[in-house]
Amino acid sequence: MDIIASMKLLAFLVKPLLVKPLPLISQICGALVCISSFMASASNADYSYLPASEVKQLQVEDQSVPALLRPWLGHKQLGLAIIVPALGERADAPGLTSYLRRELNGTGWATLALTPPESADTNTEIDTGIETGNQLTKQPEQASDIPLTDEQLAKLKQQQDFMLASMAQLDALGKHFSGKRMLVTMGDSANLIIELLASKRLPMPDLMVIVNPYSELEAVNKSLPAKLAALPIPILDLQSKDGTAASIATQVQRRILAPANAPTRYSQQVLALDLTLEVTWGNSLELIEGFASRINKAYPNG
Numbered sequence: 036m037d038i039i040a041s042m043k044l045l046a047f048l049v050k051p052l053l054v055k056p057l058p059l060i061s062q063i064c065g066a067l068v069c070i071s072s073f074m075a076s077a078s079n080a081d082y083s084y085l086p087a088s089e090v091k092q093l094q095v096e097d098q099s100v101p102a103l104l105r106p107w108l109g110h111k112q113l114g115l116a117i118i119v120p121a122l123g124e125r126a127d128a129p130g131l132t133s134y135l136r137r138e139l140n141g142t143g144w145a146t147l148a149l150t151p152p153e154s155a156d157t158n159t160e161i162d163t164g165i166e167t168g169n170q171l172t173k174q175p176e177q178a179s180d181i182p183l184t185d186e187q188l189a190k191l192k193q194q195q196d197f198m199l200a201s202m203a204q205l206d207a208l209g210k211h212f213s214g215k216r217m218l219v220t221m222g223d224s225a226n227l228i229i230e231l232l233a234s235k236r237l238p239m240p241d242l243m244v245i246v247n248p249y250s251e252l253e254a255v256n257k258s259l260p261a262k263l264a265a266l267p268i269p270i271l272d273l274q275s276k277d278g279t280a281a282s283i284a285t286q287v288q289r290r291i292l293a294p295a296n297a298p299t300r301y302s303q304q305v306l307a308l309d310l311t312l313e314v315t316w317g318n319s320l321e322l323i324e325g326f327a328s329r330i331n332k333a334y335p336n337g
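Residue numbers for the sequence shown follow the numbering used here, so the first one is 36 and each next one is one higher.
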């Protein structure tokens with residue numbers, strides 16, 4: 036048998052092994068390994084280009100995870116803006132995250148940028164058609180009945196636990212910055228935080244800014260507008276035209292379900308240009324500053 040024929044035979048014999056579904060325990064262990072790998076990379080993130088005074092450490096699952104703290108500048112002192120980039124990004128992620136982390140200081144806000152949890156790889160679960168476990172009818176940390184696989188549940192719980200462990204340490208880091216607490220969160224991190232706020236596992240901030248919120252899981256993404264509308268806090272909802280298809284899909288519903296004629300409860304702004312452009316970062320800053328000013332006038336600091 037020649038070499039080419041031998042390779043074809045080997046490929047034929049091996050192929051069934053490659054598509055065989057993995058045992059559930061293997062999938063869950065895989066999810067834990069991914070989280071552990073992310074924890075290691077997050078702990079070793081290089082922030083040597085920043086002043087040492089900005090780089091703080093949070094203890095999450097017995098490891099140090101960076102958080103970046105900058106004080107407010109000038110006489111205007113409104114409070115602390117907690118910035119959560121999209122899942123899997125650095126605390127000083129290039130683009131809007133890094134821009135707001137620095138520029139909000141001049142508008143009266145100290146900024147604390149967190150390292151978010153790692154993003155779950157949902158493409159394999161959705162596209163390959165490989166069975167990933169028994170379908171469940173209810174997620175433990177959600178009020179609504181949304182069917183998720185065991186692997187999805189395991190990954191989501193890891194993300195939630197990571198976020199909660201980080202948020203629990205913010206009072207100590209932000210104790211020198213009195214005033215309001217403003218959450219600014221991007222992409223799939225926004226959905227994760229909305230879930231935690233809706234289930235009352237995370238304390239409500241005084242106001243929140245969300246940018247292109249979405250979930251990779253279609254059923255969870257569809258439930259996002261209703262959960263967002265039910266939150267009893269002022270929310271600025273920024274949507275860019277280059278946001279993910281999942282965030283664009285819920286944009287209209289997020290606006291329709293929001294409280295009507297309540298400018299201090301919800302405002303949606305569609306950005307004219309792509310979020311990759313610096314001019315859009317500046318526009319976003321102006322919208323955030325204006326919204327925060329309106330909320331502060333309606334509910335001034337004590």
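For every residue, glycine included, the Cβ atom is placed at its ideal position computed from N, Cα and C.
Predicted model only: the values in this text are computed from it and were never measured.
(request) Would you kindly report the start and end of the unbroken alpha helix (DSSP H) that includes Gln193? (result) In the sequence shown, the residue the question calls residue 193 occupies position 158. From DSSP, the alpha helix (DSSP H) with Gln193 extends over 185-202.
(request) Could you please give the first and the last residue of the uninterrupted beta strand (DSSP E) stretch that includes Ser83? (result) Here residue 83 is taken as the residue at index 48 of the sequence shown, counted from 1. No beta strand (DSSP E) contains Ser83, which DSSP labels as neither H nor E.
(request) May I have the straight-line CA-CA distance separating Asn296 from Val255, to the nearest angstrom? (result) Position 261 of the sequence shown, counted from the start, is the residue given in the question as residue 296. Position 220 of the sequence shown, counted from the start, is the residue given in the question as residue 255. Distance between the alpha carbons of Asn296 and Val255 is about 27 Å.
(message) When you compare the region 209-222 with the region 230-250, are there three or more beta-carbon pairs, one atom per stretch, that lie closer than 8 Å?
(response) As far as the Cβ criterion goes, the region 209-222 touches the region 230-250, which means the pair count is three or higher.
(message) Helix, strand or coil, according to DSSP, for Trp316 in the structure here?
(response) Position 281 of the sequence shown, counting from 1, holds the residue named residue 316. Reduced to three states, the DSSP call for Trp316 is helix.
(message) Mapping the DSSP letters down to three states, classify Leu59 as helix, strand or coil.
(response) Within the sequence shown, residue 59 is the residue found at index 24, counting from 1. A caution first: Leu59 carries a pLDDT of 46, below 50, which makes its placement in the model too unreliable to give a value.
(request) Could you check how far apart the C-beta atoms of Leu273 and Leu308 are, in whole angstroms? I think they sit under 8 Å. (result) Here residue 273 refers to the residue found at position 238 when the sequence shown is read from its first residue. Here residue 308 refers to the residue found at position 273 when the sequence shown is read from its first residue. Actually they are not in contact, since the Cβ atoms of Leu273 and Leu308 sit about 12 Å apart, beyond 8 Å.
(message) On the CB-based measure, 16 or more other CB atoms within 10 Å of its CB, does Thr311 come out buried or exposed?
(response) The sequence position of residue 311 within the sequence shown is 276, counting from 1. Exposed.
(message) For Ser302 and Glu186, I'd like the C-alpha separation in whole angstroms.
(response) Numbered from its first residue, the sequence shown carries residue 302 at position 267. Numbered from its first residue, the sequence shown carries residue 186 at position 151. Those two C-alpha atoms are separated by around 35 Å.
(request) Find out if the Cβ-Cβ distance for the pair Lys262, Ala281 is shorter than 7 Å. (result) Numbered from its first residue, the sequence shown carries residue 262 at position 227. Numbered from its first residue, the sequence shown carries residue 281 at position 246. It is not a contact, given that the beta carbons lie outside the stated cut-off.
(request) Look up Asp14 in the DSSP assignment and say whether it is helix, strand or coil. (result) Missing from the structure shown is residue 14; the chain here goes from 36 to 337 and no further.
(request) Within its chain, find whatever has a CB closer than 7 Å to the CB of Pro260; leave out the 5 residues flanking it on each side and keep chain order. (result) The count along the sequence shown starts at 1 and reaches residue 260 at position 225. Excluding residues within five positions, the ones whose Cβ falls inside 7 Å are Thr285, Gln288, Arg289, Leu292.
(message) Considering only DSSP beta bridges, list what Tyr301 is partnered with.
(response) Locating residue 301 in the sequence shown gives position 266, counting from the first residue. DSSP lists Ile270 as partners of Tyr301.
(message) Going by C-alpha to C-alpha distance, which of Glu230, Gln204, Gln194, Leu237 sits closest to Ala264?
(response) Taking the first residue of the sequence shown as 1, we reach residue 264 at position 229. Nearest C-alpha to Ala264: Glu230.
(message) So for Arg105, helix, strand or coil by DSSP?
(response) The residue given as residue 105 occupies position 70 in the sequence shown. Strand, per DSSP.
(request) Using DSSP bridges, identify the partner residues of Leu205. (result) Numbered from its first residue, the sequence shown carries residue 205 at position 170. None, per the DSSP bridge assignment.
(message) Between the alpha carbons of Arg125 and Ala87, how many angstroms are there, rounded?
(response) Looking up residue 125 in the sequence shown gives position 90. Looking up residue 87 in the sequence shown gives position 52. Cα to Cα, Arg125 sits roughly 17 Å from Ala87.
(request) Look at the Cβ atom of Ala148, then the Cβ atom of Leu85, and state whether they are nearer than 7 Å. (result) Against the sequence shown, residue 148 aligns to sequence position 113. Against the sequence shown, residue 85 aligns to sequence position 50. Here Ala148 is not near Leu85, since their CB atoms are 7 Å or more apart.
(message) With distance defined between alpha-carbon atoms, name the residue in Ile323, Lys276, Glu313 nearest to Thr299.
(response) Stepping through the sequence shown from its first residue, residue 299 is reached at position 264. Of all alpha-carbon atoms in Ile323, Lys276, Glu313, the one lying nearest the alpha-carbon of Thr299 is that of Ile323.
(request) Determine the direct distance from the alpha carbon of Gly209 to that of Thr315, and round the result to whole angstroms. (result) Taking the first residue of the sequence shown as 1, we reach residue 315 at position 280. Taking the first residue of the sequence shown as 1, we reach residue 209 at position 174. If I take the Cα positions, the gap works out to 28 Å.
(message) Per DSSP, what are the beta-bridge partners of Arg216 in this structure?
(response) Translated into the one-based positions of the sequence shown, residue 216 becomes position 181. Assignment of beta-bridge partners to Arg216 by DSSP yields Leu115.
(request) Measure the Cβ-Cβ separation of Leu113 and Trp144 and say whether it is below 7 Å. (result) Taking the first residue of the sequence shown as 1, we reach residue 113 at position 78. Taking the first residue of the sequence shown as 1, we reach residue 144 at position 109. Going by C-beta atoms, Leu113 is nearer than 7 Å to Trp144.
(request) Just mark Lys332 as buried or exposed, buried being the case when its beta carbon has 16 or more other beta carbons within 10 Å. (result) Position 297 of the sequence shown, counted from the start, is the residue given in the question as residue 332. Result: exposed.
(request) Leaving aside the five residues before and after Gln177 along the sequence, list all residues of the same chain whose C-beta is less than 7 Å from its C-beta, in chain order. (result) Residue numbering aside, residue 177 sits at position 142 when the sequence shown is read from its first letter. Low confidence applies to Gln177: its pLDDT is 44, below 50, so where it sits in the model is not reliable enough to give any reading.
(request) Report the partner residues of Met239 according to the DSSP bridge assignment. (result) For the purposes of this step, residue 239 is identified with residue 204 of the sequence shown, where counting begins at 1. Answer is none; Met239 lacks a bridge partner.
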